[in-house]
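What follows is a short report on a single structure.
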Amino acid sequence: MLQVEEKNTINFETETYKDAYSRINAIVIEGEQEAYENYIKLAEMLPEQKDELIKLSKMENRHKKGFQACGNNLKVTPDMEFAKKFFEPLHENFQTAAAKGNVVTCLLIQSLIIECFAIAAYNIYIPVADPFARKITEGVVKDEYSHLNFGEVWLEKHFADSKAELQQANRQNLPLVWKMLNQVEKDAKTLEMQKEALIEDFMIAYGEALNNIGFTTGEIMRMSAYGLVAA
Ligand code: PL3
Ligand code: FE2
Ligand code: FE2
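Under the working numbering, the first residue of the sequence shown carries the number 291, and numbering increases by one thereafter.
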């Protein structure tokens, strides 16, 4: 296949770009921080996988530092207050599930939903990123596939016992992803990232994950539709 180098005409120094970046960058930093905390929690909940999960949490901490450097590089101050609010509903659902010992729900929120969201966002961002951020994001997205894989492998192994909880957790949490996407749509567009592309990539990654875990195509379609119904 012929690869044509895409010409990047974005001016990363305009106030408009930097203003949008202050929120998107904060969302990503907060997302990596949440992921870091969530994997530490999961390590407590799954003592057999403790070492592996602590390793994943450390990767998330490195991702956070990488994205902080991206903001610094563009002389942007991330709006962390905005980002905290952005993640609050998903954060609350994870905390509630963890308090109840619902490890399946915790895995669905972190290793499926958040990781697929990150994979979609980072893949769409890479071609339109500034050269510094592109390098960092390329490294990060590789790790995110391995985090998604952790969730897939565990859930596939425990599929029979997890299926009902997964469907319930999907129904509760997928609509939150659409709400989050709607909130970020305008700023993402300023960074030349289209909402439709984000949705498409998210649904592909999420659908593939559900397939790998053991859901049938019909089940995946029904589970995907819940997000749309409540959007
Ligand atoms: C898990 O390892 C990390 C979780 C991060 C979640 C990021 C979600 C980002 C959604 C916002 C869309 C835009 C942009 C990306 C630019 C880097
Ligand atoms: Fe990450
Ligand atoms: Fe991750």
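Idealized CB from N, CA, C, for every residue including glycine.
What you are looking at is a predicted structure, and each value in this text was computed from that prediction instead of being measured.
field: Residue environment, K365, which counts as buried when at least 16 other CB atoms sit within 10 Å
entry: exposed
- prompt: Within 10 angstroms of its Cβ, does D309 collect 16 or more other Cβ (buried), or is it exposed?
  reply: exposed
message: Applying the 10 Å Cβ sphere with the 16-neighbour rule, what's the burial state of A450?
response: exposed
query: Would you say the beta carbon of A410 comes nearer than 8 Å to a heavy atom of ligand 4?
result: As presented, the structure is devoid of ligand 4, carrying ligand 1, ligand 2 and ligand 3 as its sole ligands.
- request: Return the chain-ordered list of same chain residues with a C-beta closer than 8 Å to the C-beta of C396, the five sequence neighbours on each side being excluded.
  value: N328, K331, L332, M335, F384, A387, A388
field: Residues with C-beta closer than 7 Å to any heavy atom of ligand 2, in chain order
entry: E322, A325, M349, E350, H353, A408, V430, D433, E434, H437
query: Do K469 and P379 have their C-beta atoms closer together than 9 Å?
result: yes
query: Just to confirm, are I426 and L464 a CB contact at a threshold of 9 Å?
result: No, Cβ-Cβ distance for I426 and L464 is not below 9 Å.
message: For the pair the region 401-415 and the region 436-449, tell me if three or more CB-CB distances fall below 8 Å.
response: yes
- prompt: Would DSSP call V393 helix, strand or coil?
  reply: helix
query: Of the residues G321, S312, E509, which one's Cα is nearest the Cα of V430?
result: G321
- prompt: Does the Cβ of Y516 lie closer than 8 Å to at least one heavy atom of ligand 1?
  reply: no
Continuous beta strand (DSSP E) assignments of at least 3 residues falling wholly in the region 310-351: none
message: Assuming contact is defined by CB atoms lying nearer than 9 Å, are Y326 and L481 in contact in what I supplied?
response: no
- prompt: With C-beta atoms as the reference, is E445 less than 9 Å away from I503?
  reply: Per the sequence presented here, residue 445 reads as Leu, with Glu not at that position. Yes, the pair counts as a contact, with Cβ atoms nearer than the cut-off.
field: Cβ shell of I319 (< 8 Å), same chain only, five flanking positions each side left out
entry: In the same chain as I319, and ignoring 5 residues on each side of it, the C-beta atoms closer than 8 Å to its own belong to K354, F357, Q358, G361, P368, M370, A373, in chain order.
Contact belief for L488 with I414 at Cβ below 8 Å, rounded distance in angstroms: 6 Å
query: Roughly how many angstroms separate the alpha carbons of A499 and E442, rounded to a whole number?
result: 6 Å
task: Compute the Euclidean distance between the alpha carbons of T306 and N315, then round it to the nearest angstrom.
output: Their Cα atoms are separated by approximately 14 Å.
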